[in-house]
Amino acid sequence: MDNQASLKENLDALFGNLENFLKTETVVGEPITVGETTLVPIISLSFGCGTGAGNNGDKGIAANGTGLGAAAKVTPNAVIAITGDKVNLLPISGKNNLDSLLNLVPEIVSKFKSKKSDKNKEEVKSSENSNK
104 MDNQASLKEN
114 LDALFGNLEN
124 FLKTETVVGE
134 PITVGETTLV
144 PIISLSFGCG
154 TGAGNNGDKG
164 IAANGTGLGA
174 AAKVTPNAVI
184 AITGDKVNLL
194 PISGKNNLDS
204 LLNLVPEIVS
214 KFKSKKSDKN
224 KEEVKSSENS
234 NK
């Protein structure tokens, strides 16, 4: 196989699947509804790739090589919080902003607390039963 064909196959494999990875849901996440509040995550996506091919060049030795690499980074930037007719854009870059989000959705906090409490109760019962 020559380097040109191998390089083309590598590029086709990489870019052929990008449409599944890079779509609008990647930047504007799926809405999450908690009680009367709908949260829409906004993220940024960074993507990079590189490919290369080469050969030995000596007439007597047929050595070819190709390579391909890709990386992606997804970073949450903000959350759009919609409650009734009220819409808030909350950046996720500081503690105060996260506090604002939690104040808008108290149901989230109470659900996490109740799940943690239930889990702790189960662990206590389990350890009591194993000690008997």
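Position in the sequence shown counted from 1, then plus 103, gives you our numbering. In this text, a Cβ means the ideal position worked out from N, Cα and C, and glycines have one as well.
Counting other Cβ atoms within 10 Å of its Cβ, A184 reaches 16 or more and is therefore classed as buried. At a Cβ-Cβ threshold of 8 Å, P144 and P194 do not count as neighbours. Taking all protein chains in view, the Cβ of V131 is surrounded by fewer than 16 other Cβ atoms within 10 Å, so the residue is classified as exposed. Between L142 and V190, the beta carbon gap of about 11 Å keeps them out of contact (Cβ cut-off 8 Å). Residue state for N180 is assigned as strand, using DSSP reduced to three classes. If you look at N120, you'll find it isn't in any beta strand (DSSP E); DSSP assigns it neither H nor E.
For N167, the secondary structure class from DSSP, reduced to helix, strand or coil, is strand. Our two residues, T154 and P134, have alpha carbons roughly 36 Å apart in a direct line. DSSP places N158 in the strand class (E or B) of the three-state scheme.
About 55 Å separates the beta carbon of E139 from that of T169, a gap too long to meet the 8 Å contact definition.
Relative to A173, the option among L121, L192, C152 and D188 whose CA is nearest is C152.
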